[in-house]
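One structure is given here, and the rest of the page talks about it.
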Amino acid sequence: MELVRVSTNAWGQSEVLGAAWDPFWVFVAAGAAFVVVHALAMAIKQARTSRTA
Amino acid sequence: MAIDRSSSAGVRLVRHEGIDRIYHWIMAVAVLALLATGLLPKLGVGFPWVTIHWVAGVVLAVLVVYHIVRGLAWSRLRLMLPGWRDAVDGVREFASLFSRIAAPKTGKYAPAQKVYHWGVAVVILALVVTGCFMLAKLDTPFWQRNPYFLDSSTWGIVYVIHGYAAMILVTLLIMHIYFAVRPEKWWMTRSMLRGWITRQEHLAHFDGARWPAEEVAASAPSEKTTQQHSTA
Chain A
5 MELVRVSTNA WGQSEVLGAA WDPFWVFVAA GAAFVVVHAL AMAIKQARTS
55 RTA
Chain B
14 MAIDRSSSAG VRLVRHEGID RIYHWIMAVA VLALLATGLL PKLGVGFPWV
64 TIHWVAGVVL AVLVVYHIVR GLAWSRLRLM LPGWRDAVDG VREFASLFSR
114 IAAPKTGKYA PAQKVYHWGV AVVILALVVT GCFMLAKLDT PFWQRNPYFL
164 DSSTWGIVYV IHGYAAMILV TLLIMHIYFA VRPEKWWMTR SMLRGWITRQ
214 EHLAHFDGAR WPAEEVAASA PSEKTTQQHS TA
C-alpha cells in the first residue's frame, strides 16, 4: 500500500503529488474498531452491573 | 407534562448557548460537505465538486476564526484547557470502563472530550491552512489562479497534509457520531440541540465547583403553565 502519490517531472526527478487514497479504508477501519471495542466494553460493564444489582 | 421546580430535577441549566449551537451545526454541515466533496471523487463517485468544496472550505475557515476569537475573548478557553486533574480523571474514566470504579465528576468538559477537541483542532487547522494555500490554484469570482504560488515539491507536501488530515477527520467523525447516538449520551446530544441539561444530570456528571452551570433564564411553556395554575 502506497502512502503518497509520486510522479516523475520533466527532469526525471521523483516528485510527491499528494496523499495516496488507499489508506482511506485504514482510517475508516480504525474508527469502526474504536466503536466496536468501546461498545463491547460498555456492554460487558452493563452486564456486570446488572448482575451485581 | 408540567415541570416541578420545587425539586432540583426539573431545573434546566445552560450547557450550550444558542450561538454555540448554531456554530456547531453550521460547522457540522460544512465538514460533512467538505468530506463528501473531497473524498467521494477519490472513491470513484464523479460530480462537479470543486465549487461546493472551496465555498464550504471558506465557510469552515471563517467559523474557525470565529471560534478562536470567541474562545479567547470570552475567557472560555480555560474550560477546554487540560490540567493535572484531567490526567487523574482521565485515568479513572478509562478504568471505569473495565472495573467497578465510578467515573469521575468533571468540569464542563471531560478529559476525553478535551483530548478529542484538541485533536480535532489540530486536524481542522491543518486542513484550513493547507486549504487556504490550495485556493491559489482556483479561479473564483474574487481572484485568478496562480499555480506557481508555491513550487511543485511544496505543493506536494501541502496536498499530503491536506489528504491525511481529511482521512484522520473521517476516523474522528465516526467516533464523534458514535458517542452522540449512544443512549447514555443522549442527554449531552440533546444539550447540543436544545442547549440545556437538567440539575440531576449536572449533579450526576459534573463537579459543581469546577463547572457551576447557570439556570436557563427563560421558563419552558410547561413551567409557565404550572406557575399560572399555582397563582390561580
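So the sequences go chain by chain: A and B.
Each number in this note's numbering corresponds to the 1-based position in the first sequence with 4 added.
Each number in this note's numbering corresponds to the 1-based position in the second sequence with 13 added.
The beta carbon of each residue, even a glycine, is placed where N, CA and C say it ideally should be.
By alpha-carbon positions, which one of the options ends up nearest to residue i?
| i | options | result |
| --- | --- | --- |
| A47(A) | M201(B), P196(B), E228(B), W209(B) | P196(B) |
| W15(A) | G208(B), L206(B), S165(B), F192(B) | S165(B) |
| V128(B) | G144(B), D99(B), M205(B) | D99(B) |
| N13(A) | G176(B), Q213(B), G169(B), P117(B) | G169(B) |
| A222(B) | F111(B), T119(B), R207(B) | T119(B) |
| L206(B) | A179(B), R83(B), L186(B), V194(B) | V194(B) |
| F111(B) | Q50(A), T56(A), G35(A), A37(A) | Q50(A) |
| Y161(B) | V171(B), Y172(B), A149(B) | A149(B) |
| V72(B) | R212(B), H215(B), V141(B) | V141(B) |
| V32(A) | L52(B), A46(B), I39(B), V173(B) | L52(B) |
| K198(B) | E214(B), L185(B), V183(B) | E214(B) |
| V40(A) | P124(B), I65(B), Y191(B), T211(B) | Y191(B) |
| H42(A) | A108(B), H66(B), D220(B), H218(B) | A108(B) |
| V30(A) | F219(B), T202(B), T184(B), Y172(B) | T184(B) |
| C66(B) | G59(B), T50(B), P54(B) | Residue identity check: residue 66(B) is His in the sequence provided, not Cys. Measuring from the Cα of H66(B), the nearest candidate turns out to be T50(B). |
Near residue i, what residues of its chain come up, given a Cβ to Cβ distance below 8 Å and the 5 sequence neighbours on each side ignored?
| i | result |
| --- | --- |
| L7(A) | A23, A24, P27 |
| H130(B) | M93, Y122 |
| E228(B) | V24, R25, L26, V27 |
| H175(B) | A139, L140, T143, G144, M147 |
| L182(B) | V44, L48, V133, V136, I137, L140 |
| M188(B) | Y129 |
Count the other CB atoms, across all protein chains shown, that sit within 10 Å of the CB of residue i; report buried if there are 16 or more and exposed otherwise.
| i | result |
| --- | --- |
| L56(B) | exposed |
| S18(A) | exposed |
| V24(B) | buried |
| D152(B) | exposed |
| S54(A) | exposed |
| G70(B) | buried |
| G31(B) | exposed |
| I81(B) | exposed |
| M5(A) | exposed |
| F155(B) | exposed |
| H242(B) | Low local confidence applies: a pLDDT of 39 at H242(B) is under 50, so the model's placement there is unreliable, with the coordinate-based value given in what follows. Under this definition H242(B) is an exposed residue. |
| P234(B) | For P234(B), the pLDDT reaches just 47, beneath the cut-off of 50, and the residue's location in the model is therefore unreliable, although a value from the coordinates is still provided. Flag for P234(B) reads exposed. |
| P61(B) | exposed |
| G35(A) | buried |
Going by DSSP, what residues sit across from residue i in a beta bridge?
| i | result |
| --- | --- |
| F219(B) | T119(B) |
| S166(B) | Answer by DSSP bridge pairing: none, since S166(B) is not bridged. |
| G22(A) | R9(A) |
| E228(B) | L26(B) |
With a CB to CB cut of under 7 Å and the five nearest residues on each side skipped, what residues in its chain are close to residue i?
| i | result |
| --- | --- |
| V20(A) | V8, V10 |
| G84(B) | L90 |
| S145(B) | Note that residue 145(B) is Cys in the sequence shown, not Ser. Cβ neighbours of C145(B) beyond the five flanking positions: A74. |
| I137(B) | V77 |
| S20(B) | Its pLDDT being 48, under 50, S20(B) is placed unreliably by the model, and nothing is read from it. |
| V42(B) | none |
| W224(B) | G120, K121 |
| P117(B) | D102, R105, E106 |
Compute every distance between the C-beta of residue i and the non-hydrogen atoms of the ligand HEM, then say whether any falls below 7 Å.
| i | result |
| --- | --- |
| A33(A) | Of ligands this structure carries none, so the ligand HEM is not represented either. |
Cutting at 6 Å between CB atoms, please list the residues of its own chain near residue i, excluding the five before and the five after it.
| i | result |
| --- | --- |
| P95(B) | K127 |
| A179(B) | G51 |
Could you name each continuous alpha helix (DSSP H) segment of 4 residues or more that falls completely within the segment 61-115 of chain B, going from the start of the chain to the end? Here the runs fully enclosed are 63-86, 90-93, 97-111.
Starting from the N-terminal side, write out each stretch of the beta strand (DSSP E) that is 3 residues or longer and does not extend beyond the segment 132-213 of chain B. Complete beta strand (DSSP E) runs here, min 3: 209-211.
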